[in-house]
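Data first, discussion second: the structure below is written as structure tokens.
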Amino acid sequence: MFENILGQKKIKNVLASQLKSGKFPHAYIFMGQNGVGKRHTAVELAKVLNCTVNDWTKTDAGACGKCSNCEKISHFSHPDLHFIDFAKQAEMLDEDIEKQKTLKIETIREMQKEVLTKAHEAKWKIFIVEPAEKMNAAAANSLLKTLEEPPDNTLIILIARHKETIAQTIVSRSQTLFFEPLGQNEIASYLMLNNSLAALKAEEIAAIAEGSIEDAQKLIDPAESEGLSLWLKIKNENLDAADILNLSRKVAKDETLEYIGAMTAEAKKDFRLYPHSAIKTLEYLNNARALILKNVNAQTVMDNLLLDLYDLKKTSKMFKL
Ligand SMILES: [Zn+2]
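Going by our numbering, the first residue of the sequence shown is number 1010, and it counts up by one from there.
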């Protein structure tokens, strides 16, 4: 169970044994620094509880990852998986996401409406509240009422970097699980697999990433940051097909994989807001990577990749202009 969560052995054991015994709290606080898998674990737990192939009350096989519930939860498009976060609040208040500094009572009230309605498709309704340490006092008081009278088949997961600003009343009605910084080996293998880094480079970065995947990705080398700037150009600038091909010609052939790695890391960040476009983009990037590894001409692969993204840009809100 929870095999695709990086590290965090203790947490996985606690969750697995709680599921096995059928006794787990109505609310968790997943606490720990950035980039250690808190949100990922919350989403995996949502899958385990709602998987229609592997019933967690009968088997400890974990989520199948393929049934309709698992798929929709993976793509953040399941109607019973609710993210109560700055993205939702910005959408609700029709404001920029950058303007959101605290989680407000309006947002918690909106969540409570959903808490009181029946689940749409799944057995369990899951609410992921993040960043929980940014709830203001009114929001926290309001949430407390839900924690005091938790409805059946509802799991609330508060995600927080630290608990200094979380009301003690909330802490005492939840179970806190502490996520530790990831090990260097764990980070290095992640970077090799997901960012196409060579072993030596991956180990170098892992050694200074202080246990965080997020920080590790910020430390990736200049070819990667050029990959990032290429991605941002495609995403945000008004380009035509000729511009796209010019951009493609500027990518050095022996750096194609680094570019693809950087673009992959960036596209993953759009997963939450634009799941469908992000998945399509990741498909294109994965195909391109596979072709490069098969020694297909790097220029051709890059041309086709960027033209595919250019086509996607015409219909997707993930890309501006
Ligand atoms: Zn499943």
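C-beta: ideal position from N, C-alpha, C; glycine also.
Return the residue from the list the options that minimises the CA-CA distance to residue i.
{"i": "LYS1032", "options": "GLN1184, ASN1313, ASN1013 and SER1221", "result": "GLN1184"}
{"i": "HIS1285", "options": "LYS1067, GLU1080 and ASN1043", "result": "GLU1080"}
{"i": "LEU1090", "options": "LYS1113, ALA1072, GLU1104 and LEU1054", "result": "LEU1054"}
{"i": "ALA1148", "options": "SER1086, ARG1118, ALA1096 and ALA1131", "result": "ARG1118"}
{"i": "GLY1192", "options": "ALA1216, CYS1073 and MET1040", "result": "ALA1216"}
{"i": "ILE1253", "options": "GLU1219, SER1238, ASP1312 and SER1086", "result": "ASP1312"}
{"i": "ARG1258", "options": "LYS1210, LEU1314 and LYS1289", "result": "LEU1314"}
{"i": "PRO1140", "options": "ASP1161, MET1201, PHE1085 and MET1040", "result": "MET1040"}
{"i": "GLU1182", "options": "LEU1156, LYS1067, LEU1256 and ARG1170", "result": "The question names Glu, but residue 1182 is Arg in the sequence shown. Selected option, being the one with the closest Cα: LEU1156."}
{"i": "LYS1127", "options": "LYS1110, ASN1162 and VAL1138", "result": "ASN1162"}
{"i": "MET1120", "options": "GLU1107, HIS1129, VAL1138 and GLU1173", "result": "VAL1138"}
{"i": "LEU1194", "options": "GLU1292, ALA1169, PHE1187 and ALA1225", "result": "Correcting the residue type first, residue 1194 is Asn in the shown sequence and not Leu. It is ALA1225 whose Cα lies nearest to the Cα of ASN1194."}
{"i": "LYS1019", "options": "ILE1214, LEU1167 and PHE1188", "result": "PHE1188"}
{"i": "LEU1186", "options": "ARG1048, GLU1012, SER1325 and LYS1329", "result": "ARG1048"}
{"i": "GLY1016", "options": "ILE1196, SER1205 and LYS1244", "result": "ILE1196"}
Leaving out five residues on either side along the sequence, give the residues of the same chain with a beta carbon under 7 Å from the beta carbon of residue i.
{"i": "ALA1307", "result": "LYS1262, THR1265 and ILE1301"}
{"i": "ASN1348", "result": "As displayed, the chain neither begins before 1010 nor continues past 1330, which places residue 1348 out of reach and without an answer."}
{"i": "THR1290", "result": "ALA1276, LEU1318 and LEU1321"}
{"i": "ILE1179", "result": "ALA1149, LEU1152, LEU1153 and LEU1156"}
{"i": "ASP1064", "result": "none"}
{"i": "LEU1282", "result": "ALA1096"}
Helix or strand or just coil, what does DSSP make of residue i?
{"i": "ILE1168", "result": "strand"}
{"i": "TYR1293", "result": "helix"}
{"i": "HIS1002", "result": "The structure shown does not extend to residue 1002, since the chain is modelled only from 1010 through 1330, so no value can be given for it."}
{"i": "TYR1319", "result": "helix"}
{"i": "ALA1276", "result": "helix"}
{"i": "PHE1341", "result": "This structure leaves residue 1341 out entirely; the chain is present only between 1010 and 1330."}
{"i": "VAL1052", "result": "helix"}
{"i": "ILE1020", "result": "helix"}
{"i": "HIS1087", "result": "coil"}
{"i": "LEU1152", "result": "helix"}
{"i": "LYS1143", "result": "helix"}
{"i": "GLN1308", "result": "helix"}
{"i": "GLN1109", "result": "coil"}
{"i": "LYS1081", "result": "helix"}
{"i": "LEU1186", "result": "strand"}
{"i": "LYS1242", "result": "helix"}
{"i": "LYS1067", "result": "coil"}
Between residue i and ligand 1, is there a pair consisting of the residue's CB and a ligand heavy atom that are separated by less than 8 Å?
{"i": "LYS1056", "result": "yes"}
{"i": "ALA1218", "result": "no"}
{"i": "VAL1052", "result": "no"}
{"i": "ALA1072", "result": "yes"}
{"i": "ASN1204", "result": "no"}
{"i": "THR1061", "result": "yes"}
{"i": "ASN1078", "result": "yes"}
{"i": "LYS1067", "result": "no"}
{"i": "LYS1323", "result": "no"}
{"i": "LYS1075", "result": "yes"}
Leaving aside the five residues before and after residue i along the sequence, list all residues of the same chain whose C-beta is less than 8 Å from its C-beta, in chain order.
{"i": "PRO1159", "result": "HIS1035, ALA1036 and ILE1165"}
{"i": "ASP1069", "result": "MET1010, ALA1025, LEU1028 and LYS1029"}
{"i": "GLU1123", "result": "HIS1091, LYS1134 and PHE1136"}
{"i": "THR1116", "result": "ILE1093, LYS1097, GLN1098, MET1101 and ALA1148"}
{"i": "ALA1287", "result": "ALA1276, LYS1277, ASP1279, PHE1280 and MET1327"}
{"i": "TRP1240", "result": "ALA1271, MET1272, GLU1275 and ALA1276"}
{"i": "LEU1228", "result": "ILE1214, ILE1217 and ALA1218"}
{"i": "ALA1207", "result": "MET1201"}
Kindly list the residues whose CB is nearer than 6 Å to the CB of residue i, restricted to its own chain and excluding five residues on each side of it in sequence; keep chain order.
{"i": "VAL1310", "result": "ALA1297, LEU1300 and ILE1301"}
{"i": "THR1061", "result": "CYS1076 and ASN1078"}
{"i": "ASN1043", "result": "SER1221 and GLU1223"}
{"i": "ALA1131", "result": "ASN1059, ASN1078 and ASP1089"}
{"i": "LYS1113", "result": "ALA1148"}
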